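Chemist:
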Amino acid sequence: MKIQNQNPMLIEEYKNSWANDFDTLAAVILEALSGLDVRIEHVGSTAVCGLAAKPIIDMDLVYHQHADFEKVKSALISIGYFHNGNQGIADREVFKRNNKAALPAVLDSVGHHLYVCCQDSLELKKHILLRDYLAANKEAKMQYQNLKYQIALEANQDKKIYAHLKENKAKAFIGTVLTAAQKEKGEDQILKTGTEK
């Protein structure tokens, strides 16, 4: 007797609502950071129109002076985030929701990852290069989408297994995309220190 997979699908077809979700989250976060010279970039697969993805909004909160990090951190703590370190990736600090009963509730209504990066961060540059290249190159976008569907199938739609497999199987593809994106922009040296996860 065949046992059917009970796990929900990890990868969903692109939804226009993801852009709206980003706008909603960014507006609330930027309000808490008013007075600071910051911006928020929508990155990751949900930022690429037409690309299937896990329905989690990835955001890079960008500040301009290294000395501003503590101010950014304090403002995020005031709206219910906590600093979770860089999780092994330099130039990118991770913030997670602390108390789901805390303010503002809208930040708990949309699944998201919040990364804080200085404007000269290598990780920020990689996130933007990848996003923009996939948005402009349909063939690469479809290859990445097919790869993610394949990995989700191999993982039996299990989040932990998917994350592990994606780390290994998508790394080479992403590295190739980043190299192509750099060449297209004439920035061959920009990412010599590493490749995106």
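Each residue of the sequence shown is one higher than the one before, counting from 1 in full-length UniProt numbering.
For every residue, glycine included, the Cβ atom is placed at its ideal position computed from N, Cα and C.
None of the values given here were measured: they were computed from a predicted structure.
What is the rounded straight-line gap between the Cα of Glu184 and the Cα of Thr24?
Modeler: By 1-based counting over the sequence shown, the position of residue 184 is 184. By 1-based counting over the sequence shown, the position of residue 24 is 24. C-alpha separation (whole angstroms): 32 Å.
Chemist: Do Val38 and Val62 have their C-beta atoms closer together than 9 Å?
Modeler: Taking the sequence shown and counting its residues from 1, one reaches residue 38 at position 38. Taking the sequence shown and counting its residues from 1, one reaches residue 62 at position 62. For Val38 and Val62, yes; Cβs fall inside 9 Å.
Chemist: Going by C-alpha to C-alpha distance, which of Lys169, Met142, Ile151 and Lys126 sits closest to Ala181?
Modeler: For this step, residue 181 is matched to residue 181 along the sequence shown. Closest by alpha carbon: Lys126.
Chemist: What is the rounded straight-line gap between the Cα of Glu41 and the Cα of Glu123?
Modeler: Here residue 41 corresponds to residue number 41 of the sequence shown, with the count starting at 1. Here residue 123 corresponds to residue number 123 of the sequence shown, with the count starting at 1. Computed Cα separation, rounded: 12 Å.
Chemist: Alpha carbon to alpha carbon, how far is Lys171 from Gln143?
Modeler: Looking up residue 171 in the sequence shown gives position 171. Looking up residue 143 in the sequence shown gives position 143. Whole-angstrom Cα-Cα distance: 13 Å.
Chemist: Check for me: the alpha helix (DSSP H) holding Arg92 runs from which residue to which?
Modeler: If you number the sequence shown from 1, residue 92 lands on position 92. No alpha helix (DSSP H) holds Arg92; DSSP gives it neither H nor E.
Chemist: Inspect the beta-carbon positions of Val48 and Ala152 and report whether they are closer than 9 Å.
Modeler: Counting from one through the sequence shown, the residue named residue 48 turns up at place 48. Counting from one through the sequence shown, the residue named residue 152 turns up at place 152. In this structure, Ala152 does not lie closer than 9 Å to Val48 by Cβ.
Chemist: From Ile77 to Asn156, what distance separates their C-alpha atoms?
Modeler: Against the sequence shown, residue 77 aligns to sequence position 77. Against the sequence shown, residue 156 aligns to sequence position 156. Cα to Cα, the separation comes out at about 36 Å.
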